[in-house]
Each structure stands twice: as C-alpha cells, then as structure tokens.
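A quick write-up on the structure given underneath.
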Amino acid sequence: MRLPELYLVTSNEGKWREVRRELEGTAEVKWLRRKYPEIQTGDLKEVLAFGLPHLYRELLKEGFPPSPLFADDSGLFIDALGGFPGVYSSFVERTIGLRGILKLMEGVEERGAEFRCVIGLLLPGEGGSYRMEFFQGSSRGVISTEERGYDGFGYDPIFVPFCDNPEGLTFAEMSTEEKNRRSHRGEALREMRKYIIRELHKHLSASVRQNLNTEAQMKRNEEE
Ligand code: ITT
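Numbering (my numbering), first residue to last: -2 to 221.
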C-alpha cells in the first residue's frame, strides 16, 4: 500500500529523527528544512495555527505542490520557575543554556517540570484552502542536578521523565525509541498516527478505488 506523504517542517534535526522513527510504516515523512514565523503567545497551538498557514501560502507562491505539512512546537515548563522557560525555551537554550537553567535551580528542592508538545497538521483543500488538525502530548518529570547523556537534543540532558523510568535516566541517556515511548512528542505523534490511519488512509484507499474504477471503465469502453 502507498503511504501518505507528509512534510515535516523543522530546522531541528533531533525532531526529524524522532518523528521519522515514530511514523515509520504509517506515513512517508519528508523533511522540509524551513522556518515559519513564530508569534509571541503563551499558547503553543496558536504559534502553529498562525505560522504553518503562513508558510503554506509562501510555498504555494513558490510553486510547491499542495501537500500535507506538519510541525511541532514544544517547550519545557519548570514548576519552581512559574513555567519558565515555556514558550521561551528556544531563546533560553540559545542564551543561558542548560547550565543557566541548572544555576537557576541550585538549592531548589521542588524540581518538577513538564515537556509539552503540540503538533499542527495542515491538510490542503481546493484552490489554496486548507484545514488544520492539532495533536498534543506531555511528559512529566524532574530537572536533574547535572547534565547527563549525549543522545537526544535541547534540554534532554537535564530532564528525567517519570514514566516507566526506575533508573532515573535523562532523555539524553535513552535511545530514540526509548525517548519516544515516554516523551511529549511521542505521545502527540501517536495521536497523529491514529488520525492518519483513520482519515488519510481512508481517503487514500478511496482515491485508489476510484482509479481502479476508472481503469475498469476504460477497459470496458475499449472492449465495447
Ligand atoms: P523548529 O521550531 O524549527 O521545529 P526548535 O528547536 O526551535 O525547532 P521548538 O521551538 O519546538 O523547536 O523548541 C523549543 C525549545 O525546546 C528548543 O530549544 C528545543 O531544543 C527544546 N526542545 C523541544 N523539544 C525538545 C525535546 O524533545 N527534548 C529536549 N528539548 C526540546
């Protein structure tokens, strides 16, 4: 069976690795290494609801064929810091970095934190129209007292998820599959996978059925 083709919009190679692995066998994911405008808002979903259609219109102007696009917006929300860095996670990683976060957390006993992820999927319609679907995931855990591990990306070396993690490993000490099984992104991707199976495969098989009908009709016409 031909799988639906989806373009993942991200500049982050770590995300690309995790997404490709999780959707293997469900969709053919292609990497579109582009940025979309990220508005300043406290809501991850709003960022995608504005940014993805903006990029989609730009792509159409450039002659890119209308294709399903998706992107994820994620952030680390630390309880003791009132949810900081949250929607500023990217800026904070680039400026004070993981060391800066560990410094802010020095002597703090309450180390609870949550990774949140929202995926926006843009599905093209007729004449430049589109509709969007959203999928969410979260992962609760604690901020470690030092950086540990070399896998993953971003804040992974300082985040210890609670879920099925008796050894207290950070995400950076896990393989891609192990992280996906416990992560915010993995959860959102599994929601999206259910949607793809339910909706896109149905449309796909409908169009395959239609092609088969057209072929059969042409054959009959030839025979008559
Ligand atoms: P794109 O927007 O191009 O996809 P990005 O890295 O800017 O790439 P986000 O805005 O979603 O992506 O990420 C915000 C910050 O949170 C950024 O510093 C990431 O490194 C970090 N981050 C996101 N998901 C993460 C994860 O699963 N593990 C560790 N850090 C993560």
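All residues carry an ideal CB built from backbone N, CA and C; glycine is no exception. Given the structure is predicted, the values throughout are model-derived calculations rather than measurements.
{"query": "Does at least one heavy atom of the ligand ITT sit under 7 angstroms from the Cβ of residue 149?", "result": "yes"}
{"query": "Is there contact between the segment 114 to 133 and the segment 67 to 76, where contact requires at least three CB pairs shorter than 8 angstroms?", "result": "yes"}
{"query": "Quick check: the segment 119 to 138 against the segment 188 to 199, are at least 3 beta-carbon pairs closer than 8 angstroms?", "result": "yes"}
{"query": "Give a yes or no on contact between the segment 159 to 167 and the segment 97 to 108, applying the rule of three or more CB pairs nearer than 8 angstroms.", "result": "no"}
{"query": "Relative to the ligand ITT, what is the chain-ordered list of residues with a Cβ closer than 5 angstroms to any of its non-hydrogen atoms?", "result": "7, 8, 9, 70, 71, 86, 87, 90, 151, 152 and 153"}
{"query": "So within the segment 36 to 112, which uninterrupted beta strand (DSSP E) runs reach at least 3 residues, ignoring any that extend past its ends?", "result": "66 to 75"}
{"query": "Quick check on DSSP: helix, strand or coil for residue 170?", "result": "helix"}
{"query": "Would a C-beta distance cut-off of 8 angstroms place residue 44 and residue 35 closer than the cut-off?", "result": "yes"}
{"query": "Can you look up residue 164 in the DSSP assignment and give me helix, strand or coil?", "result": "coil"}
{"query": "Over the uninterrupted alpha helix (DSSP H) stretch that includes residue 19, give me the two end residues.", "result": "10 to 19"}
{"query": "Over what stretch of residues does the alpha helix (DSSP H) that includes residue 187 continue unbroken?", "result": "181 to 192"}
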